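**Q**
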Amino acid sequence: MPIRSLLDAVPYLAAYDTSFVVLAALSLVVLIRNFATAPLAYASEEQVPGMPLQHDHSKLSFRAIRTYANSAETFPAFGWALLVAIIAGASPLLVNWLAALYRAWRLAFWVVYYTAALARLRAGPEPWCSWLGCCSTLSLPAPQFGRF
445 MPIRSLLDAV
455 PYLAAYDTSF
465 VVLAALSLVV
475 LIRNFATAPL
485 AYASEEQVPG
495 MPLQHDHSKL
505 SFRAIRTYAN
515 SAETFPAFGW
525 ALLVAIIAGA
535 SPLLVNWLAA
545 LYRAWRLAFW
555 VVYYTAALAR
565 LRAGPEPWCS
575 WLGCCSTLSL
585 PAPQFGRF
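By the working numbering, the letter at position 146 of the sequence shown is numbered 590, and the numbering carries on one by one without gaps.
1) Please classify Q498 as buried or exposed, where buried requires at least 16 neighbouring CB atoms within 10 angstroms.
2) Find out if the Cβ-Cβ distance for the pair L467, L526 is shorter than 8 Å.
3) Which class does S488 belong to by DSSP, given the choice of helix, strand or coil?
4) Along the chain, where does the alpha helix (DSSP H) containing V528 start, and where does it finish?
5) Since T581 contacts Y546 with CB under 8 Å, what's their CB separation in whole angstroms?
6) Excluding the 5 residues flanking F592 on each side, which residues of the same chain have their C-beta closer than 8 Å to its C-beta?
7) Once DSSP output is grouped into helix, strand and coil, what is the label at G577?
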């Protein structure tokens, strides 16, 4: 049988296929957000590339840059926590669920943050979405700490 993917070559990893799909999907979303930042933040000339952010959370341009920056800051931590959990042999069921929870909370954060901008709200439930996403990330390798 020909090997078509890493999951075929290393059957141990096949149990984590959902986590890898989440990682790939979030990678794509962060890339799309990177490209979306230009028209959302710079086309209106409210923001200047390479300069400190102007305005506050009431401006969509501010929120576009902040959500991309937040994604760029938190995504590597999620990726590394996911890989540590897999290498350490954490339960595939638990890892897949936590990865899916992280994805759900990150997507909820983006939706809530942009919705709050469109509704002209200064604050909303987005800190809770972000916090719960971080908790999901921190929980990934946690079950393995008892083994050492």
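All C-beta atoms, glycine included, are put in the ideal place defined by N, C-alpha and C. Please read these numbers as outputs of a predicted model, since none were measured by experiment.
**A** In short:
1) Only exposed fits Q498, as fewer than 16 other CB atoms lie within 10 angstroms of its CB.
2) In contact: L467 and L526 (Cβ atoms closer than 8 Å).
3) Of the three classes helix, strand and coil, the one that applies to S488 here is coil, per DSSP.
4) Segment L504 to A532, the alpha helix (DSSP H) holding V528.
5) Taking 8 Å as the upper bound for CB-CB distance, T581 and Y546 are in contact here, some 6 Å apart.
6) With a pLDDT of 46 at F592, under the threshold of 50, the predicted position of this residue should be treated as unreliable, and no value is reported.
7) Residue state, collapsed to three classes: helix.
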